[in-house]
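Start counting the sequence shown at 2; every next residue gets the next number (this note's numbering).
Glycine is no exception: its CB is placed at the ideal position from the N, C-alpha and C atoms.
Working notes, beginning with the structure itself.
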Amino acid sequence: MMFKRNINRLYAASLMAVFLVSCKKAPAEKDYLSDKATFSNVAVYEPILGRTFLYKTNFSADGSSYPLNFSLANMRHFDGSPAPELQQSAPALEWTGLYDGTEKTLKEIEDKRKLVNKPFFEVRPGSGDLIFYKSGSGVVRSFPNDGYLFDIKISNKGNERTIKNFRLRPIQDIPYEPFEYDPYTRLRKKESRVTAQGVPYTTAFVNHATMTNVYLSKDTLMNDSLSRVYFKKTGNGNSLTIKFFDKDSVVIDPAKFNLTKWEELVHGFNLTKTNTQVSYDVAYPIPLTDLDTKFAKSNKAAINIGYTRTGFSSARIDANLLLNFSIYEKGDWVIIFKFKRTPRFQSE
């Protein structure tokens, strides 16, 4: 009986030993990383310098196991030489709080962001999206230079592969939009017009306000081409000024635009209104984020300048000038509305 118990114990011990050895030798389980996992086909990444921009790369995992990790590799000039400037750190503003467009002071906005040192661009480690920072301005080569090449390394548990030869060709800073110049050649754009006799012609492109119910005489509406909008930087502060000029380049008193909600026109502070201009203290860029607020929509500041007058038969006429714009470069900026024909403000 004792002998039988010993045999059973020996048999159990042998099984345990085999189990332990087999566990020790079992290979670690690896995640799956598809050879067909890739990014959406973008021939050339062309971020505009002087602003922070997110490129959603639309990575297709093709059934690969998550989590995946993405990292940049082999950043180089187009000729293959090293490009250390792509990873050179420079100060860039980063949000630390949530901006929602309800901030009441300039300080409240600035308290929600801070200066941090950032390279020109990074890849989001969990998604593969590319972030290009404003810090690249003045350091990174831009068009017409051939630009850069870089690779993206993808890895998960036990697997790694590299997708090579992404092309990067930044575009020189565009300080504001709409911009009158071609982003590549920097030559003035052209626009098509038609004379009063119906003859088509081309002329230098000029920004225009979108006008509704703006009359130049008792019964003649002004078309948009009779307004011109100019952006002018006059200093390096944090202000935005709006001015109006008639056909003779005489200043129009902003008070004539009596329907305008100046306090809500832009997300600005310390409103100053005189008989020649309206000014605000502002935070740049404008708009501050791509969030839709009462000041901005679709990544553009949206302003509505209006006035009312009485037309024939005592009919009320509400006129409006609309402008959607962005300003990316910090400074003291002036937006000038210049009319080729002076709007009719007086009632009939």
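Inter-residue spacing [alpha-carbon to alpha-carbon] between residue i and residue j
i	j	result
L222	R125	52 Å
R52	F258	33 Å
R342	A197	15 Å
C24	D32	Interpretation of C24 is limited by its pLDDT of 49, a score under 50 that renders its predicted location unreliable; the figure taken from the coordinates is listed afterwards. Cα-Cα distance, rounded: 19 Å.
R168	S35	23 Å
M76	K154	12 Å
L378	F180	Residue 378 lies beyond the residue range present for the chain, which begins at 2 and ends at 349; the question has no answer from this structure.
Q347	P255	14 Å
L323	P68	47 Å
D225	K248	14 Å
K331	S314	48 Å
E161	S128	15 Å
R310	E47	47 Å
V335	K219	31 Å
R345	H209	18 Å
F60	N325	32 Å
A44	I318	51 Å
Nearest-angstrom Cβ-Cβ length linking residue i and residue j, presumed shorter than 8 Å
i	j	result
T213	A316	The pair is not a contact, with the Cβ atoms about 15 Å apart (cut-off 8 Å).
S327	K301	6 Å
R170	D147	7 Å
Pair within 8 Å by beta-carbon distance, residue i and residue j
i	j	result
Y231	I337	yes
I172	F144	yes
E349	G312	yes
D333	K234	yes
D130	T58	yes
V252	T277	yes
G192	T211	First, the residue type needs correcting, since residue 192 is Glu and not Gly in the sequence shown. Not a contact, by the Cβ cut-off of 8 Å.
V140	E178	no
S66	N157	yes
Contacts around residue i, its chain only, beta-carbon distance under 7 Å, and the 5 residues preceding and following it disregarded
i	result
K274	P255 and W263
V22	In this prediction, V22 has a pLDDT of 46, which is less than 50 and means its spatial position is unreliable; what the coordinates show is noted afterwards. Excluding residues within five positions, none has a Cβ falling inside 7 Å.
G236	G332 and D333
I8	Interpretation of I8 is limited by its pLDDT of 43, a score under 50 that renders its predicted location unreliable; no figure is taken from the coordinates.
Contacts around residue i, its chain only, beta-carbon distance under 6 Å, and the 5 residues preceding and following it disregarded
i	result
R229	V207 and K339
P120	Q88 and S90
L289	Y100
K26	Confidence in K26 is poor, its pLDDT being 49 and thus under 50, which makes the residue's placement too unreliable to answer from.
L285	A quick correction: the sequence has Tyr, not Leu, at residue 285. Hits under 6 Å: K331.
I304	L266 and L324
Y202	R194
Cβ-based neighbour list, residue i, same chain, cut-off 8 Å, excluding 5 preceding and 5 following
i	result
V283	L107, N239, S240, L241, V267, H268, G269 and F270
T97	K113, R114 and K115
Short CB-CB distance (under 8 Å) between residue i and chain B
i	result
E349	Note that chain B does not occur in the displayed structure, where there is just one protein chain.
contact_flag[the stretch 90–104, the stretch 290–309] where n(CB pairs < 8 Å) is 3 or more: yes
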